[in-house]
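Residue 407 is where the sequence shown ends in full-length UniProt numbering, and the numbering goes up by one at each step.
Below is one structure; the comments refer to it alone.
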Amino acid sequence: MKVRNVIVLGATGSVGTQALEVIAANPARFAVTGIGAGSNVDAAVDQAIRTGARALAVATPPAGGEAQLRRLLEARAEQLGAQVAVETIFTGPEASARLAAEPADVVLNAVTGAAGLTSTLAALASGTDVALANKESLIIGGELVLRTAEENAAQLIPVDSEHSAIAQALRAGRRDEVARLIITASGGPFRGMSADELAAVTPEQALAHPTWNMGTVITTNSATLVNKGLEVIEAHLLFGIDYDRITAVVHPQSRIHSMVEFVDGSTIAQVSPPDMKLPIAYALGTEPDGTTTRIAGATAPEPFDAASSWTFEPVDDANFPALRLAVRAGRAGGTAPAVYNAANEELVAAFHAGTITFPQIAEGIAAALDDHLGNGENHLGNGTDAAALTLETVLAADRSARAFIAG
Ligand code: NDP
Ligand code: MG
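Listed below in structure tokens is the structure:
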């Protein structure tokens with residue numbers, strides 16, 4: 001089997017570092033050709049040396065820029081008794097997108113937030129398959145991202161555990177036999193809390209996720225259920241299933257990662273411990289023809305010999321309105337999901353800065369959506385006019401939502 005060349009964007013983050021571990025454990029299957037990072041220069045330099053990557057991208061370079069990065073690479077190589085393989089260095093806000101356009105078999109986009117959009121588009125435009133952890137780029141880019149993938153015969157391969165689960169379960173039946181998608185949610189650290197209790201929670205409590213260990217934004221989004229909302233939009237775009245046939249259900253143990261119900265009443269679930277290495281390995285093992293060669297030992301299997309119980313409950317829509325708001329944004333389509341996401345990113349930052357309460361995150365998203373959808377001129381590309389969705393219109397909607405939240 002040919003070694004697959006992988007460019008890892010957001011390599012210094014939670015998903016990125018786990019991806020590098022999967023790749024390092026399977027040298028006969030994968031090689032890293034590019035490392036992309038934000039501002040964690042020391043970690044990125046270390047990764048570039050250890051992986052033997054030929055290209056390095058850093059969005060926020062150190063003082064001294066590229067020359068300083070070269071010195072740091074030389075110094076780290078000497079410490080590790082290794083060679084510097086890096087030939088190309090990109091720096092600045094578009095560094096990851098420029099790296100994404102370099103030749104590779106697959107680009108893993110594990111950047112966090114809307115900043116990942118240009119990288120997803122650049123990889124797809126080059127005809128390179130994208131293993132997509134950065135769900136925000138698909139959600140805000142919507143039809144634009146799907147169109148770019150189709151025009152360049154490139155695949156969008158889900159890394160998000162729920163969507164990996166659905167992709168795996170979908171293989172059990174034909175697409176026209178799917179009745180609905182059932183996306184599981186852990187419910188986050190505040191599951192079961194009253195409105196009064198939610199008004200008093202702290203950022204620190206929001207970062208203590210019961211089952212998953214992830215970056216700050218997605219962990220906060222899991223607490224508000226914004227993440228589940230984003231995932232419903234992501235599922236709609238990836239699998240082409242209407243919103244009225246996508247359901248979220250709370251499953252606090254996070255063992256079933258999602259399910260597909262078929263027309264005959266059969267439901268196929270994907271089960272594994274909560275460990276991102278499985279969906280990462282499954283995505284990287286997906287070939288250009290869409291088939292997947294599973295990576296042996298990617299994660300420990302579910303320990304079914306021990307007694308355990310799994311539970312399910314409906315989402316508490318009254319106290320966690322972010323899911324319903326996401327469906328509203330998704331149904332409106334066009335630029336509405338970009339507004340939902342950008343407003344949320346700003347509100348999450350404000351919550352962590354201590355300037356707003358936890359319930360004000362969802363309230364702020366609702367206000368931003370009302371403002372955007374109430375103004376027909378702002379809302380572009382709503383299904384009937386999908387071609388209106390361009391990088392410029394998406395970024396303009398993103399900017400205006402951030403300005404709206406800033407007041
Ligand atoms: P982290 O916050 O841990 O990591 C984010 C990564 O993005 C870091 O490498 C960071 O670089 C990089 N980055 C940030 N801003 C920029 C930028 N402007 N340009 C280039 N790189 C940038 O996030 P996670 O790994 O948790 O999440 C990454 C993505 O994966 C998100 O979209 C998330 O929703 C999704 N996801 C994550 C899961 C998880 O288990 N963590 C599960 C499912 C999906 P640096 O640190 O160098 O600044
Ligand atoms: Mg997920």
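Cβ coordinates follow ideal geometry from the N, Cα and C atoms, glycine included.
Note that this is a predicted model, so its numbers are computed, not measured.
Practice task
Say yes only if the C-beta of GLY215 is nearer than 6 Å to one or more non-hydrogen atoms of the ligand NDP, and no if none qualify.
Solution key: For GLY215, the shortest C-beta to heavy atom distance toward the ligand NDP is below 6 Å.
Practice task
Measure the Cβ-Cβ separation of ALA281 and VAL22 and say whether it is below 7 Å.
Solution key: In this structure, ALA281 places its C-beta atom within 7 Å of the C-beta atom of VAL22.
Practice task
From the DSSP output, read off the bridge partner residues of SER258.
Solution key: Answer by DSSP bridge pairing, in chain order: GLN270.
Problem - C-beta atoms of ALA122 and ILE157 nearer than 7 Å - result: Cβ atoms of ALA122 and ILE157: not closer than 7 Å.
Problem - Residue range of the alpha helix (DSSP H) that includes ALA195 - result: ALA195: member of the alpha helix (DSSP H) spanning 195–199, first to last residue.
Practice task
Within the same chain, show all residues whose beta-carbon is closer than 8 Å to that of TRP310, passing over the 5 residues directly before and after it, in chain order.
Solution key: Listed in chain order, the non-local C-beta contacts of TRP310 below 8 Å within the same chain comprise HIS251, GLN253, ARG255 and ILE256, local neighbours out to five positions each way being set aside.
Practice task
Entirely within the UniProt domain "DXP reductoisomerase C-terminal" (272–403) and at least 3 residues each: give me those beta strand (DSSP E) ranges in chain order.
Solution key: Along the UniProt domain "DXP reductoisomerase C-terminal" (272–403), the beta strand (DSSP E) does not occur as any fully enclosed run of 3 or more residues.
Practice task
For my contact list, ARG54 and ALA100 are in at a C-beta cut-off of 8 Å; report their separation, rounded to the angstrom.
Solution key: Taking C-beta atoms under 8 Å as the contact rule, ARG54 and ALA100 fail to qualify, at a distance of about 14 Å.
Exercise for the section: May I ask you to check if the CB of ASN40 is nearer than 6 Å to at least one heavy atom of the ligand NDP? Expected result: For the ligand NDP, at least one heavy atom lies less than 6 Å from the Cβ of ASN40.
Handout entry: Alpha-carbon to alpha-carbon, LEU238 and LEU325
Key = The alpha-carbon of LEU325 is positioned some 20 Å away from that of LEU238.
Exercise for the section: For the beta strand (DSSP E) holding PHE90, just list the boundary residues, first then last. Expected result: Residues 88–91.
Practice task
Starting from the Cα of MET1, find the closest Cα among HIS163, THR292 and GLY265 and give me that residue.
Solution key: When only C-alpha atoms are compared, the closest one is THR292.
Problem - Backbone secondary structure at PHE239 - three-state DSSP - result: PHE239: helix per DSSP, three-state reduction.
Problem - As assigned by DSSP and simplified to three states, the class of ALA55 - result: Collapsing the DSSP output to three states places ALA55 in a strand.
Exercise for the section: Pull up the DSSP beta-bridge partners for ARG180, would you. Expected result: Answer by DSSP bridge pairing, in chain order: GLU261.
Problem - Quiz: which residues have CB nearer than 7 Å to the ligand MG non-hydrogen atoms - result: The filter returns ASP160, SER161, GLU162, ASN227 and GLU231, in chain order.
Problem - Start and end residues, alpha helix (DSSP H) containing GLY36 - result: From DSSP, GLY36 is part of no alpha helix (DSSP H) but of the beta strand (DSSP E) over 30–37.
Handout entry: Cβ pair ASP398, ALA114 closer than 7 Å
Key = Yes, the Cβ-Cβ distance between ASP398 and ALA114 is below 7 Å.
Practice task
Return yes when the Cβ of LYS228 is within less than 7 Å of the Cβ of ALA185, no when it is not.
Solution key: The answer is yes: Cβ separation under 7 Å.
Problem - For ALA235 and LEU181, believed in contact at Cβ under 8 Å, the rounded distance - result: The C-beta separation of LEU181 from ALA235 comes to about 6 Å, placing the pair in contact by the 8 Å criterion.
Practice task
Say whether the segment 304–319 touches the segment 43–52, bearing in mind that this needs 3 or more beta-carbon pairs closer than 8 Å, one atom from each stretch.
Solution key: Not touching, per the Cβ criterion.
Exercise for the section: Specify whether the segment 5–25 and the segment 102–111 touch according to this definition: at least 3 beta carbon pairs, one from each stretch, less than 8 Å apart. Expected result: A contact exists between the segment 5–25 and the segment 102–111.
Practice task
Taking ILE92 as the reference, give the member of THR112, GLU66 and ARG71 with the closest Cα.
Solution key: Correcting the residue type first, residue 92 is Gly in the shown sequence and not Ile. When only C-alpha atoms are compared, the closest one is GLU66.
Handout entry: Backbone secondary structure at ASN221 - three-state DSSP
Key = Correct three-state label for ASN221: helix.
Problem - Counted within 10 angstroms of its Cβ, other Cβ atoms place PHE404 as buried (16 or more) or exposed - result: Buried is the call here.
Exercise for the section: Would you mind working out which of VAL32, PRO27 and PRO61 sits nearest SER39, comparing C-alpha positions? Expected result: SER39 has its Cα closest to that of PRO61, out of VAL32, PRO27 and PRO61.
Problem - Separation of PHE320 from VAL201, as counted between CA atoms - result: Each residue's alpha carbon lies about 14 Å from the other.
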